[in-house]
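Undergrad:
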Amino acid sequence: MTAELDTLPAFWMRRSRRARKGFREFQLQTQASSPSEKRPRPAGVWLLLAFLSAALGLIFLGEGLWIKAKAELAQILLERAFTQSIVTGKPVKPWRWADTWPVARIRVPRLAVSSIVLAGGSGQALAFGPGHLDRTPLPGERGTAVFAAHRDTHFRFLGDLKPGDEIKVTPSDGLTFTYEMTAAEIVRWDRSNIDAQASGYNLALATCWPLDGTFSGPLRYVVHARLKPSGL
Amino acid sequence: MYRLLLTLLGVIAMTLSASAGFVSPSQMGTGALLLKTNEPGKYVEAPRVATDFDITITGPIARTRLTQHFRNPTNGWIEGTYVFPLPENAAVDSLKMVIGERIIVGDIKERQEAKQIYEEAKAKGQKAALLDQERPNIFTNQVANIGPSETIVIQIEYQEAIRQSGGLFALRVPTVVAPRYVPDPKIVVSENAQFYTVKDSVPDRDKITPPVLDPRKSAPVNPLTLTVHLNPGFALGTVMSSFHDVMAASLAGGAKLITLAKPEFATRDFELTWKPLPGAEPQIGLFAETVNGSDYALAYVTPQVQPAAEKRQLRDVVFVIDNSGSMGGPSMSQAKASLIYALDRLDPMDRFNVVRFDDTMDILFADTVQASRDNVQAAKSFVGRLEASGGTEMIPPLRAALRDARPDDQTTLRQVVFITDGAIANEQEMFDVLSMMRGRSRVFMVGIGSAPNSFLMTRAAELGRGAYAMIGEGGQVEDRMRELFAKLENPAVTNLKAEFDQAQAEVTPSPLPDVYQGEPVMVLIKMPDRKGMLKLRAEVAGRDWTLALPLDRAEKGQGIAKLWARRRIDDAEVAQTMGTITPEEADKRILALALEHHLVSRVSSLVAVDKTPARQPGEKLTRAEIPLNLPAGWDYDKVFGTEQSAPPVLERDAKLDVTLIAMTKSPVSAQKDAIKTVDLPQTATPSELLMLVGALFTLLALVFALFARRARLA
């Protein structure tokens, strides 16, 4: 966390100090020498630097966009694998080398969002979809099922959820469970107050806090929901 | 400029290496005490001071006491998780722990209840231990509230039935769990997307080495010691240790005392085999004990199979060979040698096929083909070219091998010979496929390497109605394969039934499996009263075979009731896999057996709680505090090190970095947040940061371009 917080500003400060120094030298030069001998840096060097920066800029921009694109594209493959696993009743890997598989679909009808939840909370899984944390019950089972996803991709909508909103979860047996949002809170990742063995049928959705942050930190935003009594 | 680049590269590299230096329980190689680190789901291995096996073999039963010593290397209070392998048919019934000056004895409880008792004790600051079964051959033991610099002794006891085959008696002691290929991420706890939470703030790339060396390579490890008291109950012929140098001393009454000749690292299974003197072979054995008013008996009989006079039946064999990465080194050459041997044994009229797999697979012929010289030659060169690499996806090749083009063909024997080290964690998936698709095929397992997954081998052979062989080193290939082929080629003892005069006897295994040549029929019986006759009926080589044993003429044995219960638990698991009972019903049966017989199972655990509060932190463990009832044969100085404790470790290259270990200044009860809650993973991507940096560079490019323009104009 501290690495880039410290070094980025430090770097910019150094950068600007050097720039100021360069400017002073430039002033000294202009004062000391005759106009005909005025020789700032040749254009070629600046041009090279410009190209380098542009290339780096594109690489980083591309990398950032790729993360988002991957999250979107993967969901298409996941949707297919999930449909298949409802039919076959067996976990189906979305692609051959995947180390995870779809376990549920989560939908919020009011916000018109839907995504496929993967098994496990590993970074690899979360890159492609929300993850169902190991050692928490499956949705529809007793206890608290916990899903986590990135705040800037699949769980971007968590901030828009309001108490009372319906969250529909379909595990791979095809049954749909309707949960109702009860509350939200901000917690530290290691003090989540989520008890996987809690009584009742609960769901918790977690993502990083602040929701629009750029750097990652220890805080998490957790949406709590309770299973609605079935409306039969 | 390059400083910023390095920073960013560094962050990326750190992300990749963030998991180095830590392990998760499923990665552990040997029995080890894992200490929680400050990162969730990550552990480092505690220095192991000593490991001791004390095995007593009486007739057909072996009882083992496994004792391991660990030291808390920190100056805080810690919780440890201890992962260790046991034989897959072990009936684990005792957990004792010596922490400081206390001995804690474990009690059997329903798994959830045991977990709750453990968590409560932990929250109260009491020392506690919880022993769970993860697989029939892998157990974990959690230990709470280990004080600063304390040494902990963990002692587990179990019993198992001795294996017999071809007149050879064998005991296998697993000391290593080979790292398993985990096709699914569910066991590996790796919330390792901790993108920017790396503590190291040094941005230079060349300094971003993992915080510690891999503890599996670097933690000081002590050699293991092992003692076997062998009372076979018959005149002993040769006694051999397959992989270790041993010393044997003769004791009174024909018994032998066997010890390791030199200290050894726990890197491979220990295997002891023994033979009776010619003429002293026990054809029939009957042992009994009485527990809680019920009589239990163990009977074994080796049927005399006449060499098949008629022409041998033609076979339709599919060989499956594992060439995944875990098979690298000697395992691969043993596997190849085994398969080449098998190909040479084929009759030209037999049909065969070869399947090889890692995380991909190839099937040599579209269907099984005649074992003509050309075909066998093609198969041999195919096998010769195999190299070990990749993951272990065992399901597709198993399906391919079981797919039978002629399911109703009665004229040939369809057999599948599966050659692997079994280093997988999804055994149950294998068993499900096997029981669903086996049809008329019989499955024979060949376990390769220094620590094959014996649970997979034995259960798969049972479900596949076949047999298995374990090959631990090159020299064993021929003997073991010849024995296995004798089984493949000769008629088995089939339709085995046990009958009693009294109605209430409960027999296990149930149903009784087919028995191959050289193997004894082994049955375990529970009955209210041991009298009358046990009648065994079977079909041997197409002929009826019967044998009657008078039950009252049994020798005394110990631990038979536990073996009976352990085997009934297997029966319930097999019945569940075969779909004859529901998982709930299986759980119910297993729990009842486990609670009655004090056994650890998938639904029951041993839990031990020290009722007295933990002692004050900071007290050093001294010799006076060590209880006097150390396990027999333990030398105090060897175990605890001499005063000032430099344990006699065979030090490897690096030290454990104790700063990584999660510890508290006091027993956990002092902490406010002792309630266990779910740890949440990192859920921010660096995408926006990356884009921001990208934008900044683009901006910088514009500025430079402006300078360039100015410079040109000037």
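Each protein sequence line maps, in turn, to chains A and B. Going by our numbering, the letters in the first sequence line up with residues 1 to 232, in that order. Going by our numbering, the letters in the second sequence line up with residues 1001 to 1714, in that order. Even glycine gets a Cβ: it sits at the ideal position worked out from N, Cα and C.
E141 of chain A versus chain B: which residues are under 8 angstroms apart at the beta carbon?
TA: Your numbering for residue 141 of chain A matches position 141 in the first sequence. Result: empty, since nearest Cβ-Cβ is about 14 angstroms, beyond 8 angstroms.
Undergrad: Curious, which full-length beta strand (DSSP E) runs of at least 3 residues does the region 1273-1310 of chain B contain?
TA: The qualifying runs are 1284-1291 and 1294-1301.
Undergrad: Kindly identify the DSSP beta-bridge partner or partners of F1444 of chain B.
TA: Counting from 1 along the second sequence, the entry for residue 1444 of chain B is found at position 444. Answer is B:V1417.
Undergrad: Rounded to whole angstroms, what's the CA-CA distance from A1498 of chain B to V1507 of chain B? Just pull it up for me.
TA: Position 498 of the second sequence, counting from 1, holds the residue named residue 1498 of chain B. Position 507 of the second sequence, counting from 1, holds the residue named residue 1507 of chain B. The straight-line gap from Cα to Cα measures roughly 8 angstroms.
Undergrad: Taking the C-alpha atoms as reference points, what is the distance between G120 of chain A and A98 of chain A?
TA: The sequence position of residue 120 of chain A within the first sequence is 120, counting from 1. The sequence position of residue 98 of chain A within the first sequence is 98, counting from 1. Looking at the two C-alpha atoms, the distance is approximately 12 angstroms.
Undergrad: Anyone know if the C-beta pair for S1687 of chain B and K68 of chain A falls short of 7 angstroms?
TA: The residue labelled residue 1687 of chain B in the question sits at position 687 within the second sequence. The residue labelled residue 68 of chain A in the question sits at position 68 within the first sequence. Cβ atoms of S1687 of chain B and K68 of chain A: closer than 7 angstroms.
Undergrad: Quick check on the DSSP output: what are the complete beta strand (DSSP E) runs of length 3 or more inside the region 1499-1566 of chain B, in order along the chain?
TA: Entirely contained in the region 1499-1566 of chain B, the beta strand (DSSP E) runs reaching 3 residues are, in chain order, 1506-1508, 1521-1527, 1533-1540 and 1543-1550.
Undergrad: Quick one: is P1583 of chain B buried, meaning 16 or more other Cβ sit within 10 Å of its Cβ, or exposed?
TA: Within the second sequence, the letter at position 583 stands for residue 1583 of chain B. Answer is exposed; the Cβ neighbour count stays below 16.
Undergrad: I'd like to know whether the C-beta of T207 of chain A is nearer than 7 angstroms to at least one C-beta of chain B.
TA: Against the first sequence, residue 207 of chain A aligns to sequence position 207. Yes, contact with chain B.
Undergrad: Show which residues of chain B have a CB atom less than 8 angstroms away from the CB atom of P137 of chain A.
TA: Position 137 of the first sequence, counted from the first residue, corresponds to residue 137 of chain A. Simply none; closest approach about 11 angstroms.
Undergrad: Is it buried or exposed for G129 of chain A, if we count other Cβ within 10 angstroms and need 16 for buried?
TA: As a first step, residue 129 of chain A is located in the first sequence; it is residue number 129 there, counting from the start. The residue is buried, with at least 16 neighbouring Cβ atoms inside 10 Å.
Undergrad: Confirm, please, whether the CB-CB distance from A1062 of chain B to E1157 of chain B is below 7 angstroms.
TA: Taking the second sequence and counting its residues from 1, the one referred to as residue 1157 of chain B is at position 157. Taking the second sequence and counting its residues from 1, the one referred to as residue 1062 of chain B is at position 62. In this structure, A1062 of chain B does not lie closer than 7 angstroms to E1157 of chain B by Cβ.
Undergrad: Whose C-beta lies closer than 7 angstroms to the C-beta of D212 of chain A among residues of the same chain, with five residues either side of it excluded?
TA: Residue mapping note: residue 212 of chain A aligns to position 212 of the first sequence, counting from 1. Answer for D212 of chain A: no residue qualifies.
Undergrad: Mind listing the chain A neighbours of L1536 of chain B? Cutoff is C-beta to C-beta under 8 angstroms, in chain order.
TA: In the second sequence, residue 1536 of chain B corresponds to position 536, counting from 1. Here the premise fails: no neighbours, minimum Cβ distance about 41 angstroms.
Undergrad: By alpha-carbon positions, which one of B:R1071, B:T1683, B:D1679 and B:F1418 ends up nearest to L1339 of chain B?
TA: For this step, residue 1339 of chain B is matched to residue 339 along the second sequence. Comparing Cα-Cα distances from L1339 of chain B to each of B:R1071, B:T1683, B:D1679 and B:F1418, the minimum goes to B:F1418.
Undergrad: Cβ of T207 of chain A within 7 angstroms of Cβ of A149 of chain A?
TA: For the purposes of this step, residue 207 of chain A is identified with residue 207 of the first sequence, where counting begins at 1. For the purposes of this step, residue 149 of chain A is identified with residue 149 of the first sequence, where counting begins at 1. Contact flag set, yes.
Undergrad: Determine the DSSP secondary structure at S1094 of chain B, reduced to helix, strand or coil.
TA: Translated into the one-based positions of the second sequence, residue 1094 of chain B becomes position 94. In this structure, S1094 of chain B counts as strand in the three-state DSSP scheme.
Undergrad: Using only CA atoms, which one of A:V45, A:G44 and A:F60 lies nearest to A1695 of chain B?
TA: For the purposes of this step, residue 1695 of chain B is taken as the residue at position 695 of the second sequence. Answer by Cα proximity: A:F60.
Undergrad: Could you pull the start and end residues of the alpha helix (DSSP H) that N1375 of chain B belongs to?
TA: On the second sequence, position 375 is the one that residue 1375 of chain B refers to. R1373 to G1384 is the span of the alpha helix (DSSP H), which, as asked, contains N1375 of chain B.
Undergrad: Can you find a C-beta in chain B that's less than 7 angstroms from the C-beta of W189 of chain A?
TA: Counted from its first residue, the first sequence places residue 189 of chain A at position 189. Chain B, which has a Cβ nearer than 7 angstroms to the Cβ of W189 of chain A, makes this yes.
Undergrad: In whole angstroms, what separates the C-alpha of M1445 of chain B from that of L73 of chain A?
TA: For the purposes of this step, residue 1445 of chain B is identified with residue 445 of the second sequence, where counting begins at 1. For the purposes of this step, residue 73 of chain A is identified with residue 73 of the first sequence, where counting begins at 1. Spanning the two alpha carbons is a distance of roughly 42 angstroms.
Undergrad: Just to confirm, is the Cβ distance from A1249 of chain B to L1260 of chain B under 7 angstroms?
TA: Translated into positions along the second sequence, residue 1249 of chain B becomes position 249. Translated into positions along the second sequence, residue 1260 of chain B becomes position 260. Against a cut-off of 7 angstroms, the Cβ pair of L1260 of chain B and A1249 of chain B comes out as no contact.
Undergrad: Starting from Q1313 of chain B and walking both ways along the alpha helix (DSSP H), at which residues does that stretch end?
TA: Sequence index remark: in the second sequence, residue 1313 of chain B carries index 313 (1-based). Where Q1313 of chain B is concerned, there is no enclosing alpha helix (DSSP H), given that its DSSP letter is neither H nor E.
Undergrad: What in chain B is Cβ-close to S192 of chain A, meaning under 8 angstroms?
TA: Here the question's residue 192 of chain A lines up with position 192 in the first sequence. Going along chain B in sequence order, the residues near S192 of chain A (Cβ under 8 angstroms) are T1677, V1678, D1679 and L1680.
Undergrad: Mind listing which residues of the region 1687-1704 of chain B have their C-beta closer than 9 angstroms to chain A's C-betas, in chain order?
TA: The residues in question are S1687, E1688, L1689, L1690, M1691, L1692, V1693, G1694, A1695, L1696, F1697, T1698, L1699, L1700, A1701, L1702, V1703 and F1704.
Undergrad: Quick one: does G172 of chain A have its CB under 7 angstroms from some CB of chain B?
TA: Counting from 1 along the first sequence, the entry for residue 172 of chain A is found at position 172. As written in the sequence, residue 172 of chain A is Ser, which differs from the Gly given in the question. Cβ-Cβ to chain B under 7 angstroms: no for S172 of chain A.
Undergrad: Can you list, in chain order, the residues of its chain whose CB lies under 6 angstroms from that of L1066 of chain B, leaving out five sequence neighbours each side?
TA: Residue mapping note: residue 1066 of chain B aligns to position 66 of the second sequence, counting from 1. Within the same chain, L1066 of chain B has close Cβ partners F1053 and I1156.
Undergrad: Nearest-angstrom Cα distance between E1113 of chain B and D1245 of chain B?
TA: Your numbering for residue 1113 of chain B matches position 113 in the second sequence. Your numbering for residue 1245 of chain B matches position 245 in the second sequence. Cα to Cα, E1113 of chain B sits roughly 44 angstroms from D1245 of chain B.
Undergrad: Whose Cβ in chain B lies nearer than 7 angstroms to the Cβ of H224 of chain A?
TA: Sequence index remark: in the first sequence, residue 224 of chain A carries index 224 (1-based). Here the premise fails: no neighbours, minimum Cβ distance about 12 angstroms.
Undergrad: I want to verify the contact list: residues of chain B whose CB lies under 7 angstroms from the CB of V146 of chain A, in sequence order.
TA: Position 146 of the first sequence, counted from the first residue, corresponds to residue 146 of chain A. Those are V1678, listed as they occur along chain B.
Undergrad: Just mark G1253 of chain B as buried or exposed, buried being the case when its beta carbon has 16 or more other beta carbons within 10 Å.
TA: The residue you call residue 1253 of chain B lines up with position 253 of the second sequence. Exposed, by the Cβ-count rule.
Undergrad: Using a 10 Å radius around the Cβ and a threshold of 16 neighbouring Cβ atoms, would you call Q1334 of chain B buried or exposed?
TA: Counted from its first residue, the second sequence places residue 1334 of chain B at position 334. Classification for Q1334 of chain B: buried.
Undergrad: Tell me, please, whether the CB atom of P1708 of chain B is closer than 7 angstroms to any CB atom in chain A?
TA: For the purposes of this step, residue 1708 of chain B is taken as the residue at position 708 of the second sequence. In the sequence as presented, Pro is not what sits at residue 1708 of chain B; that position holds Ala. It does; some Cβ of chain A falls within 7 angstroms.
Undergrad: A1050 of chain B to A1090 of chain B, Cα distance in whole Å?
TA: The sequence position of residue 1050 of chain B within the second sequence is 50, counting from 1. The sequence position of residue 1090 of chain B within the second sequence is 90, counting from 1. Spanning the two alpha carbons is a distance of roughly 22 angstroms.
Undergrad: Identify, in the order they occur along the chain, each residue of the same chain with its Cβ nearer than 6 angstroms to the Cβ of Q84 of chain A, setting aside the five sequence neighbours on each side.
TA: Taking the first sequence and counting its residues from 1, the one referred to as residue 84 of chain A is at position 84. So the list reads V92, once near-sequence residues are dropped.
Undergrad: Are the C-beta atoms of G57 of chain A and some chain B residue less than 7 angstroms apart?
TA: Counting from one through the first sequence, the residue named residue 57 of chain A turns up at place 57. For G57 of chain A, the answer is yes, since a Cβ of chain B falls inside 7 angstroms of its Cβ.
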